[in-house]
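Take a look at the structure below.
Shown next as structure tokens:
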């Protein structure tokens, strides 16, 4: 029979705390590495890849720009005393930033992300896409989409690079007004 040493509660707590801290710091380091500008070696690799005909490049919104757009949309809603959530997704539909305003309903978080995803996927405001449902009702069956007004695409050279979704105002028209305020903040 193998002898197993009992570990005190204090030792388990300290070890568990150290493990949580290590994981948190590792995650922060990964986030920091992803949020920073590319290193010179990475820029050189991109330049070398530009001549490779088997590869393609795309334009993406920076974390700073996404944060600025989300804050502008949230500020526009606050000005009208609306409690909303704002989400910004990249060209691939991945969430870059989500800001949940004070008092925003719990449903608004997921709705804002889905509206942003829908807007960037079709490169059109979600209010226009909601109208398309009349001719193609099966569009609503596409996973991750939400065909309600409140999403606006962000474009560069007429190509979608991001989507901004807002949810929580009493109407989709207001949600979309705030999403467009986020888009407008990027042009400044």
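In mature numbering (1 follows the signal peptide of the UniProt record, and there is no 0), the protein residues as written are -35 to -1, 1 to 153. Positions of the beta carbon are idealized from the N, C-alpha and C atoms, including for glycine.
The beta strand (DSSP E) with residue i in it runs from where to where?
i           : result
residue 65  : 60 to 65
residue 81  : No beta strand (DSSP E) contains residue 81, which is instead part of the alpha helix (DSSP H) from 72 to 87.
residue 101 : Run containing residue 101: none; DSSP gives neither H nor E here.
Among the candidates the options, whose CA atom is the shortest distance from the CA of residue i?
i           : options             : result
residue 81  : 152, 150 and 141    : 141
residue 90  : 118, 96, 102 and 21 : 118
residue 123 : 102, 116, 17 and 85 : 85
residue 83  : 116, 16 and 17      : 116
residue 73  : 101, 92 and 39      : 39
residue 92  : 44, 125 and 114     : 114
Leaving out five residues on either side along the sequence, give the residues of the same chain with a beta carbon under 6 Å from the beta carbon of residue i.
i           : result
residue 62  : 31, 32, 35 and 53
residue 37  : 146, 147 and 150
residue 121 : 24
residue 41  : 143 and 146
Tell me residue i's beta-bridge partners as DSSP assigns them.
i           : result
residue 128 : 54 and 118
Quick one: residues in its chain with C-beta nearer than 8 Å to the C-beta of residue i, no 5 flanking neighbours on either side, listed in chain order?
i           : result
residue 104 : 94, 97, 98, 110 and 112
Taking Cβ positions only, does residue i come closer than 7 Å to chain B?
i          : result
residue 40 : The chain inventory of the structure shown lacks chain B, comprising one protein chain alone.
Give the range of the alpha helix (DSSP H) segment to which residue i is assigned.
i           : result
residue 91  : 91 to 97
residue 47  : No alpha helix (DSSP H) contains residue 47, which DSSP labels as neither H nor E.
residue 139 : 137 to 151
Please go through the same chain and pick out, in chain order, the residues whose beta-carbon is closer than 7 Å to the beta-carbon of residue i, but skip the five residues on each side of it.
i          : result
residue 60 : 52, 54 and 78
- [ ] Could you say if the region 55 to 67 and the region 135 to 144 meet the contact criterion of at least three C-beta pairs nearer than 8 Å?
- [x] Judged by Cβ distances under 8 Å, the region 55 to 67 makes no contact with the region 135 to 144, as fewer than three pairs qualify.
TODO: Would you be able to state if there are at least three C-beta pairs under 8 Å between the region 24 to 41 and the region 104 to 112?
DONE: Contact fails between the region 104 to 112 and the region 24 to 41, because fewer than three Cβ pairs, one in each stretch, are under 8 Å apart.
TODO: Flag this pair as touching only if the region 39 to 50 and the region 60 to 73 have three or more C-beta atom pairs under 8 Å; answer yes or no.
DONE: Yes: the two stretches touch, three or more of their Cβ pairs being nearer than 8 Å.
Task: the region 122 to 132 touching the region 76 to 93, judged by at least three CB pairs closer than 8 Å - done: Counting Cβ pairs under 8 Å, three or more are found: they touch.
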